[in-house]
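Mind the numbering: the sequence shown is residues -8 to 362 in my numbering, read in order.
Idealized CB from N, CA, C, for every residue including glycine.
Please read the structure below before turning to the comments.
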Amino acid sequence: MTQVVVVGGGVMGSAAAWQLASRGYGVTLLERFVPGHTEGSSHGSSRIFRLAYADPFYVALAARALPLWRRLEQESGRQVLTLTGAVDHGPSPVVKELHDRLRDAGHEAELLTVDQAAERWPGLRFDTDVVFHPEAGRVHADHAVLAFQQAAAARGAQIRHEVRVARILRRGAAVEVVTAAGEVIHADAAVVAVGGWAPGLAAETVSGLPPLRVTQEQPLHFPAADALAWPSFIHHSGAALPADFDVYGLGSLDGVKVGFHGVGPAVDPDRRDRSIDPAARDRLRAYAEHWLPGADASRPQATTCLYTLTPDHDFVVDRQGPITVLAGFSGHGFKFASVIGELAADLVAGRPGAARFALGRTGADAAAGLD
Ligand SMILES: Cc1cc2nc3c(=O)[nH]c(=O)nc-3n(C[C@H](O)[C@H](O)[C@H](O)COP(=O)(O)OP(=O)(O)OC[C@H]3O[C@@H](n4cnc5c(N)ncnc54)[C@H](O)[C@@H]3O)c2cc1C
């Protein structure tokens, strides 16, 4: 049996472990922290799931992820994805483009006026035009990671927590994975999915990784009685909001989560102090006071989480010899995790990957699609 070691038990490594185990590989997943830890990028009760991207490549990728989330739910017996729809609002050209890309790909999408939207979702205040699409909502992040790991274990994968990998060495066509405790694990292939730690371990293991910027982001949760019924939303900057001030949000078990996209400070994941930036918190609170009349802006709860940003915000999903790398999910990867696991297993099986997600890619690859 072909043996694969997956390094990193966040959502991407866990999804890869599930897909690999489903295809009959012998899988060992090594995660340095305890189950449910909050050190990386995949913890908490919510992430946005949506199909609406201005880029048809990502619309197609999200559409591929949806049935795989449902398959995970069936196999694990856990509810992971809840569809409450999504609204995008902001400058008319941005909203129109999202609408058109959804329709081009055969998905339902509805353009609404501000008044129509306000009547339908009184908890939100709207800016210029609005597009709604129903195949969207939230993924429960902690449940998703657990479900992937449980489903992988049910198919024979070994899931080992509190095992830090120190080095991954190529040995001909195979690999040797060395843990911090000195254990050496021999395998035919490795999948490296170490999130914010990719600039260390992944960069030491493969060449051509784009420069990665790791930031600490700080969304807030605001209480709202009907939070679980809220659509996910993106308020695009450029009309009522200043440029580069995009805001995302969604209902969750912890209230309405709201955040700015990718504005946090660069951090070293091993040395961040998780302190909350009061100025950023106050900006978000002021946003909620004005734009979210259905949430209680006076009682925010902050949480922190890591983004790992590539310069083009495209992911890295590629293979070099026996090593497959999943990295740089740039603050929008969670919704795709179910399909990223599938792409990772395809790479391990020797199928080509997407040029768009390649190591050592150039700008020209951005136009390339996925098979
Ligand atoms: C605030 C915030 C909001 C977000 N919102 C959304 C959203 O709404 N929708 C969306 O699609 N995406 C969203 N994202 C992005 C999404 O959460 C990430 O893209 C995704 O979680 C990345 O997963 P990962 O597995 O790559 O990284 P991680 O979850 O960080 O997993 C990497 C794992 O590797 C482990 N590890 C590291 N080094 C080692 C080692 N040496 N040995 C063993 N294990 C190791 C770490 O402990 C960690 O568990 C958001 C991210 C943040 C921070």
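{"query": "Give the range of the beta strand (DSSP E) segment to which D79 is assigned.", "result": "77 to 81"}
{"query": "Going by the C-beta, is A218 closer than 8 Å to any heavy atom of ligand 1?", "result": "no"}
{"query": "What are the residues that DSSP puts in a beta bridge with F213?", "result": "V247"}
{"query": "So, for L300: in the same chain, excluding its five sequence neighbours on each side, which residues have a beta-carbon less than 6 Å away from its beta-carbon?", "result": "R204, S321"}
{"query": "For a quick check, are the C-beta atoms of V105 and T119 less than 9 Å apart?", "result": "yes"}
{"query": "Return the CA-CA distance between T(-7) and G128, expressed in angstroms with no decimal places.", "result": "37 Å"}
{"query": "List the whole-angstrom C-beta distance separating V78 from P222, where the pair is believed to meet the contact cut-off of C-beta under 8 Å.", "result": "5 Å"}
{"query": "Based on Cα-Cα distance, which residue from R116, R276, Y49, A138 lies nearest to L63?", "result": "A138"}
{"query": "Which of the three DSSP states, helix, strand or coil, is assigned to R111?", "result": "helix"}
{"query": "Quick one: Cα of L192 to Cα of A157, how far?", "result": "8 Å"}
{"query": "Name the two residues that bound the continuous beta strand (DSSP E) containing E167.", "result": "165 to 170"}
{"query": "Given a cut-off of 9 Å on the beta-carbon distance, is the pair G255 and D268 in contact?", "result": "yes"}
{"query": "Quick one: grab the DSSP three-state call for G17.", "result": "strand"}
{"query": "Grab the span of the beta strand (DSSP E) containing I267 for me, first residue to last.", "result": "No beta strand (DSSP E) holds I267; DSSP gives it neither H nor E."}
{"query": "Give the range of the alpha helix (DSSP H) segment to which H134 is assigned.", "result": "132 to 145"}
{"query": "Can you check which of these residues, R352, F348, T353, is closest to F48 by C-alpha distance?", "result": "F348"}
{"query": "On a CA-only basis, which of P313, A43, G351, G0 is nearest H28? Give me that one, please.", "result": "G0"}
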